[in-house]
Amino acid sequence: MFKKMMALSVSLVLIVGMLAACGGGNNENNEAQPESSGASADSSKPVTINMFTASPEYTDAFNAYIEEYKKVKPNVTINLEIMQSDYNTVLKSRIAAGSTPDVFQTTAGGDIDTFAEYSADLTNEPLAAAMTDAVRANMTSSDGKVLGLPVKGNLFALIYNKKLFAEAGITQPPKTLAELDDAIAKLEAKGITPFANAYKEWWVWKHIFQHFVDAAAQDAGTDAKTLVADFAAGKTTFKDHPILYNNFFNFIDTTIKHGTDKPLERDSNAEVSDFASGKAAMMTGKGAWDEEAIKKINPDIEIGIMGYPVSDKPEQAVIITGADQALRINKDSKVVNETIEFFNWLYTSDYGKNWFSQVAKVIPPIKDAPLPDLDMPKQMQEILKTEKSGDLAINYSLDTFHQKFGEIMQAYIGGNKSKDAAIDEIQKAWIQLGSNE
1 MFKKMMALSV SLVLIVGMLA ACGGGNNENN EAQPESSGAS ADSSKPVTIN MFTASPEYTD
61 AFNAYIEEYK KVKPNVTINL EIMQSDYNTV LKSRIAAGST PDVFQTTAGG DIDTFAEYSA
121 DLTNEPLAAA MTDAVRANMT SSDGKVLGLP VKGNLFALIY NKKLFAEAGI TQPPKTLAEL
181 DDAIAKLEAK GITPFANAYK EWWVWKHIFQ HFVDAAAQDA GTDAKTLVAD FAAGKTTFKD
241 HPILYNNFFN FIDTTIKHGT DKPLERDSNA EVSDFASGKA AMMTGKGAWD EEAIKKINPD
301 IEIGIMGYPV SDKPEQAVII TGADQALRIN KDSKVVNETI EFFNWLYTSD YGKNWFSQVA
361 KVIPPIKDAP LPDLDMPKQM QEILKTEKSG DLAINYSLDT FHQKFGEIMQ AYIGGNKSKD
421 AAIDEIQKAW IQLGSNE
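Here the sequence shown is numbered in our numbering, starting from 1 and rising by one per residue.
Below, the structure written as structure tokens:
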């Protein structure tokens, strides 16, 4: 499990960042984990919690709740260290050296089990009860324990410019491949480039691919978790699933043919700029986290979200929601009780409920919390009143696989690999890197 993960150690490349270095924790004792520790922390002694994360975009928001908690618990000091690059490598090195931070970050899904032996059981804590059902599922191990807590809920969708769609005479977002082709033709007839891409980034590929994985699983009469497990076990191939073998690659080819120039040179920031400035009508591989950056460039833009058209079935064009990143509390931390108490406060207090939407400006991962005053979360809420969310399929593979997958797809669109060669390598990577078992 973890030994295999160490052997497969890779760097986690992040989108944007800054470095706030405050030193890592050193937790060598083995305290027993109480069933619920919310009221058991001693409020008289000085306590230092060392928090090591891979989310530099939330530096200011994290510092805000650290400052607020100091008013609640003056004896608690939280040292925040945010790593801009090589986070996974450094985290694994610290764990191997017995210097696991009190709080650390991993991806959700499969990695919930990967790091299970280092994670406090939060199942009976107030913070677990506060989570939405979908988010709690993303934080739960294969044996039913809640071992993580999310910074945010998330939304993955095809993002579009409502004004440009209207100018092209597109009255409804396309839900099938035929409707997408029609929308592309209408946009180009008005001189509008259909797609902005960020194909220089390895992680955007998994965000697109998961929509096709969900549809392939549906067509196979199973669920995404089972289908991904079958790929990792070598029990199925792309050729068994036309949505993956044909539709996914055709979609990527379409976004290249009808997208912005030099796709392998466009990173996340370039894609946001292309979309916000009206150079393209749709933005691939992204989600709700980009809205503020888009509106800093163009405050008046009218943003829409839609599911990816993945087939000729309109019901398969759905948005995807859930939580793909998890914070973990080190079960052997000397301050495990105080750390759990802190996150129970964040997830249940009035300040905490408002922190997600008003300070971090993210989709709250907890019940009974207001949404941020942003277009995409509000549209998500409306869509989910009548449609189901797709499954967050990226959670069922490890990021070791996802990074390799992105690199293979970059080679494919760069003309260095044929479609079949790319598929063969993806299938091998899924078997070698996709599972922690």
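Using N, Cα and C, we set each Cβ at its ideal position, and we do this for glycine too. Given the structure is predicted, the values throughout are model-derived calculations rather than measurements.
- Taking Glu-302 as the centre and dropping the five residues before and after it, the same chain places the C-beta of Lys-162, Lys-163 closer than 6 Å to its C-beta, in chain order.
- In the assembly as shown, Leu-398 is a buried residue. Its beta-carbon has 16 or more other beta-carbons within 10 Å.
- About 12 Å separates the CB atoms of Ile-82 and Ile-66; that is not less than 8 Å, and the two are not in contact.
- Counting along the chain, the unbroken beta strand (DSSP E) around Gly-322 starts and ends at 320-322.
- Rounded to the nearest whole angstrom, the C-alpha separation of Ala-276 and Ile-408 is 28 Å.
- Distance between Ser-142 and Met-131, taken at the CA atoms: about 18 Å.
- Between Thr-255 and Val-204, the C-beta gap is not smaller than 8 Å, which leaves the two residues out of contact.
- Your pair Met-306 and Ala-157 checks out as a contact, with CB atoms roughly 6 Å apart and the cut at 8 Å.
- In this structure, DSSP gives Thr-48 an extended state, which the three-state scheme calls strand.
- Secondary structure of Ser-418 (DSSP, three-state): coil.
- For the 8 Å CB-CB criterion, Gly-109 and Pro-364 do not form a contact.
- The C-beta distance from Asn-247 to Leu-177 rounds to 7 Å, short enough to fall under 8 Å.
- Of the other Cβ atoms in all chains shown, 16 or more fall within 10 Å of the Cβ of Ala-116; this residue is therefore buried.
- Taking the Cβ atoms as the reference, Glu-125 lies roughly 6 Å from Asn-344, within the contact range of under 8 Å.
- Judged by DSSP secondary structure, Glu-125 falls outside any alpha helix (DSSP H); it is assigned neither H nor E.
- Beta-carbon to beta-carbon, Gly-221 and Val-318 are separated by about 18 Å, too far to satisfy the 8 Å threshold.
- When Cβ pairs closer than 8 Å are counted between the two stretches, the stretch 350-357 is seen not to touch the stretch 320-339, the count staying below three.
- Take the alpha-carbon of Ile-243 and the one of Glu-188: they are about 26 Å apart.
- According to the DSSP assignment, Gly-287 belongs to no alpha helix (DSSP H), since it is labelled neither H nor E.
- Rounded to the nearest angstrom, the gap between the Cα atoms of Ile-329 and Ala-120 is 5 Å.
- Look at the beta carbons and you see the stretch 357-376 not touching the stretch 94-112: under three pairs across the two are nearer than 8 Å.
- By the criterion of at least three beta-carbon pairs nearer than 8 Å, the stretch 211-218 is not in contact with the stretch 189-202.
- Bounds of the alpha helix (DSSP H) holding Ile-383 are 375-383.
- The DSSP-derived three-state label of Asn-298 is coil.
- The closest CA to that of Ala-422, considering only Trp-430, Ala-429, Ile-431, Tyr-412, is found on Tyr-412.
- 8 Å or more divides the Cβ of Lys-286 from the Cβ of Ile-170.
- Counting along the chain, Thr-400 sits inside no beta strand (DSSP E); it lies in the alpha helix (DSSP H) bounded by residues 399-413.
- Between Phe-342 and Val-76, the C-beta gap is smaller than 8 Å, which places the two residues in contact.
- In this structure, Thr-386 sits away from Leu-155, with a CB-CB distance that is not shorter than 8 Å.
- Looking at the DSSP output, Gln-325 bridges to Thr-107.
- Between Arg-266 and Lys-206, the CB-CB gap reaches or exceeds 8 Å.
- The beta-carbon distance between Ile-208 and Tyr-308, rounded to whole angstroms, is 7 Å. This is short enough to meet the 8 Å contact definition.
- Residue pairing for Gly-98: DSSP places it in no beta bridge.
- Between the C-alpha atoms of Glu-425 and Phe-238 there is a straight-line separation of about 11 Å.
- Taken through DSSP and simplified to helix, strand or coil, Gly-304 comes out as strand.
- Under DSSP, Ala-196 forms a beta bridge with Met-283.
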